[in-house]
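Chemist:
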Amino acid sequence: MLNRRNALLAGMAGLLAPAWAQKSPRPQLATAAAFDPAGQLWLAGLDRTGQLGLRQGIAPLEEGQRLDVGEDRVAADGEATPRLLFGADGLVLLSYVRPGAKPYTGDVRLLRSQDGGARFAAAVTVHQDRQPITHRFQAMALDGAGHLHFAWIDKRDLEAAKAAGRPYRGAAVYRNVSTDGGASFGPDIKLADHACECCRIAFSPAADGRLAALWRHVFEPNERDHAFAWLDGSAPVRASLDRWAIDACPHHGPGLAPAADGGWHACWYGQRAGEPAVRLGRLDAQGRPLGSPRALPEAEHADLISAGGRVALVWRQFDGRQTRLQALMSKDDGRRWQALELAQSLHPNDHPRLLRQGEQLWAVWRDTQGVRALEIHA
Amino acid sequence: MHKALVMALALALPALPCAAHEQPFGPQTFQQLQQQVHGPTWLVFSATYCGNCPAVVAELRRQHPGLPLWLVLTDEGEEAHPLPAERRWRFEGHELALRHAVNPQWRGITPYLALLRPGQAPLFALGQPSAAQLKALEKARGKPASK
Numbered sequence: 026m027l028n029r030r031n032a033l034l035a036g037m038a039g040l041l042a043p044a045w046a047q048k049s050p051r052p053q054l055a056t057a058a059a060f061d062p063a064g065q066l067w068l069a070g071l072d073r074t075g076q077l078g079l080r081q082g083i084a085p086l087e088e089g090q091r092l093d094v095g096e097d098r099v100a101a102d103g104e105a106t107p108r109l110l111f112g113a114d115g116l117v118l119l120s121y122v123r124p125g126a127k128p129y130t131g132d133v134r135l136l137r138s139q140d141g142g143a144r145f146a147a148a149v150t151v152h153q154d155r156q157p158i159t160h161r162f163q164a165m166a167l168d169g170a171g172h173l174h175f176a177w178i179d180k181r182d183l184e185a186a187k188a189a190g191r192p193y194r195g196a197a198v199y200r201n202v203s204t205d206g207g208a209s210f211g212p213d214i215k216l217a218d219h220a221c222e223c224c225r226i227a228f229s230p231a232a233d234g235r236l237a238a239l240w241r242h243v244f245e246p247n248e249r250d251h252a253f254a255w256l257d258g259s260a261p262v263r264a265s266l267d268r269w270a271i272d273a274c275p276h277h278g279p280g281l282a283p284a285a286d287g288g289w290h291a292c293w294y295g296q297r298a299g300e301p302a303v304r305l306g307r308l309d310a311q312g313r314p315l316g317s318p319r320a321l322p323e324a325e326h327a328d329l330i331s332a333g334g335r336v337a338l339v340w341r342q343f344d345g346r347q348t349r350l351q352a353l354m355s356k357d358d359g360r361r362w363q364a365l366e367l368a369q370s371l372h373p374n375d376h377p378r379l380l381r382q383g384e385q386l387w388a389v390w391r392d393t394q395g396v397r398a399l400e401i402h403a
Numbered sequence: 005m006h007k008a009l010v011m012a013l014a015l016a017l018p019a020l021p022c023a024a025h026e027q028p029f030g031p032q033t034f035q036q037l038q039q040q041v042h043g044p045t046w047l048v049f050s051a052t053y054c055g056n057c058p059a060v061v062a063e064l065r066r067q068h069p070g071l072p073l074w075l076v077l078t079d080e081g082e083e084a085h086p087l088p089a090e091r092r093w094r095f096e097g098h099e100l101a102l103r104h105a106v107n108p109q110w111r112g113i114t115p116y117l118a119l120l121r122p123g124q125a126p127l128f129a130l131g132q133p134s135a136a137q138l139k140a141l142e143k144a145r146g147k148p149a150s151k
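Quick look at the structure:
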């Protein structure tokens, strides 16, 4: 069960909700979280004034460091989440999407520090493509060799198809690699055609340090299932078989975590035989589905994290009055699961952000009252 | 009082599909709208970055000319091409509570189509009209519609 003595429940931003929490515009709560090499938790996101902030610990972002993003607006709502990463030798990377002047457009931007976050260089655009089109829902991770990987939803092929009068399903996923910690980037590489346009991409490391990606894909003719690929140029494979045929935006990206046996744990939202649910399933080492997934009909915006044989699935569940942060925890690589309730909130709240610190598994959850960092214990 | 005045003014406005005044969609709005309809009415929940929504709205307009179409935006931001709707709202406040007030089963997928009917429970569908919605429309054909 959750060890409340270890749960960091401070950081409540005062007894009264700030004005922005009560009224329109809707609070932009999507928050990045990461542990630094010393094991300290850091957060990055928009504060109540809409400024991008970074801070160590879970006290209000307003009390942290405000980052200079120039004229950039920063998207931080739901699936559009800033990403925070710590590397070796003081490297701190914070990526976000800058919405463009035209709706549906945006660029993936990167702030980079080489002194542990004390100072950041001016934001740069991560991709080579500079068209005013969609480059959104970025994922960012370092592989075992220290190379920095990005992937994002990209509509350049959709726009080209439109211009040529050809049909095109969804958008594409593009990626690139930096071998110098984000100082420069290699070319934009297409990972796949026909991804869903409005869902986050999941990255996860394998035991050998390679990275894999899982995203919502639009299989022919319009089945919004999921695809898996290693970030090494190998071809994507179908990773879920819900066969949810729909022309709609689920706004629900998947989660991916390595299994101790060399395969993967995965979670996603979809409809299977008419039954909508978050589903928890297994993939083999190549990302192909194994067995029947477990359905959680009341869940939404789930994510997964693992450390060896310890696996945690965390999701939000709204009961009409409050949001409950629920979890399934396994200590034996998913053979048996224990249900947990990690926290509750009466207020607008972010999706859960899951982190691993050594062998510890953490859920970071922000609502309009503050941020909670909860160690997940079975 | 002020809210009532705003509502009364909004209801008095002529039906101008693209120029409809945007109102806040709060926890009670869905229930209120169900009581306001005089005939079958589409209530479409959309999002500014929903790439599928414009085509679905256009198809609803094409397939069901004369049926009122009301629009609710569930996020902040500007629409690429404002969708044609006689009345418009935008989510204001706690998104999960607002969605739950519409339908506890709705997980935020857009477009989400509610067919409002006077004196009857709304019918819901994801992405495109369901068979139940189309059957209800067939049954209601000839009855007066909302404005």
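Protein sequence lines correspond, in order, to chains Z and X. The number in the working numbering is simply the position in the first sequence, starting from 1, with 25 added. The number in the working numbering is simply the position in the second sequence, starting from 1, with 4 added. Glycine included, every Cβ here is placed at the ideal spot set by N, Cα and C.
1) Which runs of the beta strand (DSSP E), 3 residues or longer, sit entirely within the stretch 157-195 of chain Z?
2) Could one say the Cβ of HIS104 of chain X lies closer than 9 Å to chain Z's Cβ atoms, at least one of them?
3) So ALA277 of chain Z contacts chain X; which residues on that side make the cut at Cβ distance below 8 Å?
4) Using only CA atoms, which one of X:HIS42, X:THR45, X:GLU96 and X:CYS54 lies nearest to ILE113 of chain X?
5) Closest by CA to ARG349 of chain Z, which one among Z:ALA388, Z:GLY75 and Z:TYR294?
6) Given a threshold of 16 other Cβ atoms within 10 Å of its Cβ, counted over all protein chains shown, does HIS402 of chain Z qualify as buried or as exposed?
7) Return the residues of the stretch 292-313 of chain Z that lie within a Cβ-Cβ distance of less than 7 Å from chain X, sorted by chain order.
8) May I ask you to list, following chain order, the residues of the stretch 262-276 of chain Z that have a beta carbon less than 7 Å from some beta carbon of chain X?
9) Just the Cα atoms here: how many angstroms apart are ARG304 of chain Z and HIS326 of chain Z?
10) Between the alpha carbons of ALA260 of chain Z and ASN201 of chain Z, how many angstroms are there, rounded?
11) Would you say ARG80 of chain Z reaches chain X, if we count a Cβ-Cβ gap shorter than 9 Å as a contact?
12) Compare the beta carbon distance of LEU54 of chain Z and PHE60 of chain Z with 9 Å and say whether it is the shorter of the two.
13) Quick check on the DSSP output: what are the complete alpha helix (DSSP H) runs of length 4 or more inside the stretch 189-265 of chain Z, in order along the chain?
14) Ignore the nearest five residues each way along the sequence and tell me which others in GLN76 of chain Z's own chain have a CB closer than 6 Å to its CB.
15) Looking at C-alpha atoms only, which residue of Z:GLY359, Z:SER355, Z:TRP390 and Z:LYS356 is the closest neighbour of ALA368 of chain Z?
16) If TRP93 of chain X and PRO28 of chain X are in contact, beta carbons under 8 Å, what's the gap, nearest whole angstrom?
17) Would you please verify whether the beta carbon of TYR193 of chain Z is less than 9 Å from any beta carbon of chain X?
18) Does any residue of chain Z have a CB that is nearer than 9 Å to the CB of LEU87 of chain X?
19) ARG98 of chain Z bridges to which residues according to DSSP?
20) Counting only C-beta atoms, is VAL60 of chain X closer than 9 Å to chain Z at any point?
21) If we ignore side chains and look at the alpha-carbon of each, how far apart do THR159 of chain Z and ALA101 of chain Z end up?
22) With distances taken Cα to Cα, identify the nearest neighbour of GLY278 of chain Z among Z:ALA298, Z:TRP289, Z:GLU96 and Z:HIS251.
23) Grab me the residues of GLN363 of chain Z's own chain with a C-beta within less than 6 Å of its C-beta, minus the 5 sequence neighbours each way, in chain order.
Modeler: Concretely, from the data shown:
1) 160-167 and 173-179
2) Chain Z places a beta carbon closer than 9 Å to that of HIS104 of chain X, counting this residue as a contact.
3) The displayed chain sequence assigns His, not Ala, to residue 277 of chain Z. Chain X residues near HIS277 of chain Z: ARG111, GLY112 and ILE113.
4) X:CYS54
5) In terms of CA proximity to ARG349 of chain Z, Z:ALA388 leads the group Z:ALA388, Z:GLY75 and Z:TYR294.
6) buried
7) Look at the stretch 292-313 of chain Z: the residues with a C-beta under 7 Å from a C-beta of chain X are TYR294 and PRO301.
8) If the cut-off is 7 Å between Cβ atoms, the stretch 262-276 of chain Z has ILE271, ASP272, ALA273, CYS274, PRO275 and HIS276 near chain X.
9) 11 Å
10) 16 Å
11) no
12) no
13) You should have found no qualifying run.
14) ARG91
15) Z:TRP390
16) About 7 Å separates the two Cβ atoms, so the contact holds.
17) Judged by the 9 Å Cβ criterion, TYR193 of chain Z is not in contact with chain X.
18) False, the Cβ-Cβ gap to chain Z never drops below 9 Å.
19) In the DSSP output, where bridge partners are listed per residue, ARG98 of chain Z has none listed.
20) yes
21) 16 Å
22) Nearest option by C-alpha distance: Z:HIS251.
23) MET354 and ALA403
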